[in-house]
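Protein chains in written order, with our numbering: chain D, 2 to 355; chain H, 2 to 355.
Here it is as structure tokens:
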């Protein structure tokens with residue numbers, strides 16, 4: 002068709018499968034295995050039909066204020082969006098407007114490359130070390146910005162606060178984004194470093210630890226100037242991103258700290274038990290501080306195992322990419338789901354041997 | 002700060018005020034004065050807390066299917082987003098990737114210019130005729146795309162199907178977007194023309210006629226190829242835009258056709274009565290087919306009247322821009338709200354005379 006000449010052609014990010022069936026063990030998109038605090042459903046049900054006809058607050062003041070109080074910052078240091086992907090996309094568009102390359106690890110969240118391509122941002126994928134760790138020295142050269150997750154995805158590995166501060170401090174002339182989507186599962190957040198470094202933006206999400214992937218809430222914390230630029234771009238794209246139910250749900254979730262901590266504890270316990278069991282079965286994996294384990298097995302094909310699990314309605318994530326195609330990313334599910342999964346693995350390994 | 006050199010600096014769109022007070026007559030952002038169908042609140046309240054932890058369907062299949070059935074097209078002809086602004090922003094990014102100028106009217110939805118600036122799209126604002134109508138001939142020249150609302154905003158004026166078809170048919174090598182945000186209030190939709198013209202994208206919203214500004218739902222209908230390109234860009238920006246409550250609410254709203262038609266009828270009746278009253282008071286305005294009236298008064302300053310209304314907690318929209326700074330945009334509220342507003346106008350005019 003003639004109009005196709007003007008079309009921006011892109012290779013989109015492919016999210017993990019979202020199968021429609023309910024009888025499955027879903028360990029493929031790092032969702033929280035437990036529902037959010039009961040207060041969340043109450044808050045959503047409490048929205049009057051009369052409210053729905055009115056635009057939500059475009060400044061999302063209530064949720065930003067709740068986040069500010071929770072994290073001990075001011076509202077002017079908080080930006081919110083439709084999941085952390087929306088926040089990150091907006092941040093790419095806002096901060097990486099440079100001819101110099103954006104830097105991110107070669108093994109990392111694969112959406113970074115997609116955003117860079119979408120917005121025409123030059124970029125370079127910086128190889129991780131052999132052990133999957135980031136080498137700070139690799140990020141001390143001319144660049145237009147830096148982004149990496151901590152813990153990294155899909156490895157689940159944490160980088161030290163010292164290494165991150167080294168990278169942020171050595172790159173004061175660009176924005177450094179630390180994507181902390183999984184930080185609540187036991188890693189150390191660098192949120193407090195945003196007070197010291199005006200070039201550091203920390204991004205988090207309600208989709209994982211806060212059990213609300215279905216509500217689409219993400220946020221960023223940084224210097225008021227960073228947040229103000231982000232808001233300018235947001236208001237140049239869509240004034241009203243957060244609907245009324247998302248705002249109410251987000252505020253309610255932040256109120257129930259006990260429930261939140263208990264949920265995290267359960268997931269971390271299950272993760273540690275799963276690690277021990279996987280080890281017994283001969284799997285190898287970097288030590289995960291997230292709600293997933295990135296595992297490989299010296300004698301098994303990851304792809305075949307992935308497919309075998311899928312046939313038993315156990316969904317894992319497999320990336321058919323150089324450097325990681327021998328690995329499977331296994332989200333931490335409920336304790337009983339992990340039992341079924343581990344039992345299946347035992348049988349599978351026995352079969353392969355026999 | 003040193004990192005500011007790499008920042009994309011933009012002048013954002015400024016949405017109408019969303020005052021926090023509840024005791025007001027809100028005629029400033031074209032919301033529906035009546036709530037959505039009771040089925041909508043039921044659908045939202047019916048979402049289980051267990052669902053919230055899971056990502057929504059990234060394809061938004063259920064809502065796209067419901068829209069497809071409602072409008073007599075296929076799911077592959079439907080795209081959905083977080084309000085029509087999100088849909089339009091995505092469409093700008095997708096379809097206007099050209100060195101030739103995007104064309105839109107000089108008096109129109111002011112977000113068009115903001116999106117063009119954000120994405121670095123060259124554009125030209127094409128003057129409307131003296132009577133605020135579009136001249137089809139002005140759009141028959143080299144361009145990188147065309148967009149206009151029908152009815153136009155903030156004039157509320159409808160263009161004929163013939164004029165629109167003339168523009169779409171004369172520009173088969175670019176995408177033409179008709180923004181039908183207000184079409185349900187009595188104008189003629191060109192949706193059916195999408196079957197004939199693969200370069201026509203029609204955008205609509207749930208924020209106005211469907212009384213759900215608070216839920217953020219917009220959609221586009223067009224040739225499957227147009228929709229497929231839009232989806233590629235959406236999946237390169239944010240895989241999961243529509244949260245679970247928005248999907249459920251959208252599907253529920255489409256089911257209650259009787260309620261929808263009754264609401265529209267009430268608003269149209271109030272609009273026509275308001276027109277008659279405004280005329281009696283000496284106001285002049287183009288004949289609106291939308292849920293607002295764009296009015297001027299030969300003896301009154303629009304800005305002063307806007308401010309006087311505001312002091313009485315009556316919110317109107319005023320654009321301090323060349324060509325329209327003598328006008329006020331008045332959303333159609335509830336019958337009783339319009340009475341209070343018109344009474345105030347009477348007193349105001351008497352005072353000004355006296």
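For glycine and all other residues, C-beta sits at the position ideal for the given N, C-alpha and C.
{"Query": "Whose C-alpha, out of D:19, D:44 and D:116, is nearest the C-alpha of residue 256 of chain D?", "Result": "D:44"}
{"Query": "Can you list the beta strand (DSSP E) stretches of 3 or more residues lying completely in the stretch 115-196 of chain H, in chain order?", "Result": "124-127, 146-150 and 177-180"}
{"Query": "Could you check where the alpha helix (DSSP H) with residue 85 of chain D kicks off and where it finishes?", "Result": "84-96"}
{"Query": "Measure from the C-beta of residue 126 of chain D to each C-beta in chain H and report whether the shortest distance is under 8 Å.", "Result": "no"}
{"Query": "Please list, in chain order, all residues of the same chain as residue 292 of chain H whose beta carbon is under 8 Å from its beta carbon, the five residues on each side excluded.", "Result": "31, 33, 183, 186, 209, 210, 268, 272, 332 and 333"}
{"Query": "According to the Cβ coordinates, are residue 249 of chain D and residue 217 of chain D closer than 8 Å?", "Result": "no"}
{"Query": "Check residue 47 of chain H in the structure and name its three-state DSSP category.", "Result": "coil"}
{"Query": "Touch check for the stretch 160-177 of chain H and the stretch 3-12 of chain D: three-plus C-beta pairs under 8 Å?", "Result": "yes"}
{"Query": "Quick check: what's the CA-CA separation for residue 274 of chain H versus residue 142 of chain H?", "Result": "41 Å"}
{"Query": "Residue 262 of chain D touches chain H at which residues, Cβ-Cβ below 9 Å?", "Result": "The contacting residues do not exist; residue 262 of chain D stays about 17 Å from chain H at best."}
{"Query": "Determine whether the Cβ of residue 78 of chain H lies closer than 8 Å to any Cβ atom of chain D.", "Result": "no"}
{"Query": "Could you name the residues that DSSP lists as bridge partners for residue 328 of chain H?", "Result": "H:297"}
{"Query": "Just checking my contact of residue 137 of chain D with residue 103 of chain D at CB under 8 Å: how many whole Å lie between their CB atoms?", "Result": "Not really, about 17 Å apart at Cβ, beyond 8 Å."}
{"Query": "Is the Cβ of residue 50 of chain D closer than 8 Å to any Cβ of chain H?", "Result": "yes"}
{"Query": "How about the stretch 69-89 of chain D and the stretch 226-239 of chain D: do they share at least three Cβ pairs that are nearer than 8 Å?", "Result": "yes"}
{"Query": "Can you list, in chain order, the residues of its chain with a C-beta nearer than 6 Å to that of residue 56 of chain D? Leave out the 5 residues immediately preceding and following it.", "Result": "241"}
{"Query": "For residue 133 of chain D, which residues in the same chain have their Cβ closer than 6 Å to its Cβ, ignoring the five residues on either side in sequence?", "Result": "156, 158 and 287"}
{"Query": "Alpha carbon to alpha carbon, what distance is there between residue 92 of chain H and residue 297 of chain D?", "Result": "42 Å"}
{"Query": "Should residue 99 of chain H go down as buried or exposed, given a rule of 16 or more other Cβ atoms within 10 Å for buried?", "Result": "buried"}
{"Query": "Using the DSSP secondary-structure output, state which residues sit across from residue 220 of chain H in a beta bridge.", "Result": "H:81 and H:205"}
{"Query": "Below 7 Å CB to CB, which residues in the same chain sit around residue 125 of chain H once its five sequence neighbours on both sides are set aside?", "Result": "102 and 104"}
{"Query": "Can you name the residues of chain H whose CB is closer than 7 Å to the CB of residue 145 of chain D?", "Result": "7"}
{"Query": "Do you know offhand how far residue 202 of chain D's Cα is from residue 97 of chain D's?", "Result": "13 Å"}
{"Query": "For a contact defined as C-beta to C-beta under 8 Å, what are the partners of residue 244 of chain D on chain H?", "Result": "83, 215, 216, 217, 244, 246 and 247"}
{"Query": "Can you tell me the Cα-Cα spacing of residue 65 of chain D and residue 84 of chain D, whole angstroms?", "Result": "14 Å"}
{"Query": "Going along the chain, which residues of its own chain have a beta-carbon closer than 8 Å to the beta-carbon of residue 1 of chain D, five neighbours each way excluded?", "Result": "What the structure shows of chain D is the stretch from 2 to 355, and residue 1 of chain D is not part of that stretch, so it cannot be assessed."}
{"Query": "Measuring CB to CB, does residue 37 of chain D end up less than 8 Å from residue 54 of chain H?", "Result": "yes"}
{"Query": "Verify whether the separation of the beta carbon atoms of residue 214 of chain D and residue 35 of chain D is less than 8 Å.", "Result": "no"}
{"Query": "DSSP three-state label for residue 319 of chain H, please.", "Result": "coil"}
{"Query": "Would the beta-carbon of residue 311 of chain H fall within 8 Å of that of residue 320 of chain H?", "Result": "no"}
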